[in-house]
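Numbering (the numbering used here), first residue to last: 106 to 284.
A virtual CB, placed ideally from N, CA and C, is assigned to each residue, including glycine.
Just so it is clear, the structure is predicted and the values come from calculations on it, not from any experiment.
To keep things clear, I will list the structure first and then write my remarks on it.
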């Protein structure tokens, strides 16, 4: 049966199911996207303002204020959508399942749910100096089910996620053999 629903990620937990670990993507991805967004937010209005200063004698102040506020509102909404996508991209490890939720846009997401009994192999992949120093990488999970491999990219501390997942799989396999 269905048990509790986790408030943050709206996961319906099964009876006697407990969340062992929640893993988010590394913060570097959102920082890079935010820098690009805010750079564009400053560069575009600056270019428009410079063009207007050289082409026109008078500056239409009220129009600039209106469009400036509109532009900043648009940038803020874009940042909010980026943050929401970052926050809702989560990997949840429970004592019964592995759940990978990937948010694409505000109302579109993909969920991969794998029972721990189906997990055959867990690999991590850390590529590059930056990934090594900041401790992020990819988590690959081989399963016996219809989807043979699940890849979760840019996971914070993938070695901790792998250790938690291996321990959970080991506990499930021990309880299966003892029954």
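Where DSSP assigns a beta bridge to residue i, which residues make up the other side?
i, result
"residue 196", "128 and 205"
"residue 213", "210"
"residue 254", "247"
"residue 271", "According to DSSP, residue 271 bridges with nothing at all."
"residue 230", "243"
"residue 261", "241"
What first and last residue would you give for the alpha helix (DSSP H) that runs through residue i?
i, result
"residue 238", "234-239"
Looking at the unbroken beta strand (DSSP E) that takes in residue i, where does it start and where does it end?
i, result
"residue 222", "Unbroken run through residue 222: none, as it is neither H nor E."
Quick check on residue i: does DSSP put it in helix, strand or coil?
i, result
"residue 96", "Not covered by the structure: residue 96. The range shown for the chain is 106 to 284."
Hey, how far is the Cα of residue i from the Cα of residue j?
i, j, result
"residue 210", "residue 183", "11 Å"
"residue 151", "residue 269", "49 Å"
"residue 232", "residue 168", "49 Å"
"residue 215", "residue 208", "6 Å"
"residue 277", "residue 128", "20 Å"
"residue 106", "residue 144", "Per-residue confidence for residue 106 stands at a pLDDT of 39, beneath the threshold of 50, marking its modelled position as unreliable; the derived number appears in the next sentence. Their backbone Cα atoms lie some 50 Å apart in a straight line."
"residue 241", "residue 185", "24 Å"
"residue 229", "residue 170", "50 Å"
"residue 213", "residue 181", "20 Å"
"residue 280", "residue 219", "18 Å"
"residue 221", "residue 119", "13 Å"
"residue 110", "residue 217", "Because the pLDDT at residue 110 is just 46, under 50, the model does not fix this residue reliably, and the point stays unresolved."
"residue 261", "residue 148", "32 Å"
"residue 198", "residue 153", "49 Å"
I believe residue i touches residue j by the beta-carbon criterion, under 8 Å. Please report the beta-carbon distance rounded to the nearest angstrom.
i, j, result
"residue 235", "residue 263", "Incorrect: roughly 14 Å between the Cβ atoms, too far for contact."
"residue 206", "residue 138", "Incorrect: roughly 19 Å between the Cβ atoms, too far for contact."
"residue 273", "residue 200", "6 Å"
"residue 257", "residue 193", "Rounded, the Cβ-Cβ distance is 14 Å, inconsistent with contact."
"residue 227", "residue 271", "6 Å"
Quick check: does the Cβ of residue i come within less than 6 Å of any heavy atom belonging to the ligand MN?
i, result
"residue 214", "In terms of ligand content, the structure shown is empty, and the ligand MN therefore cannot be addressed."
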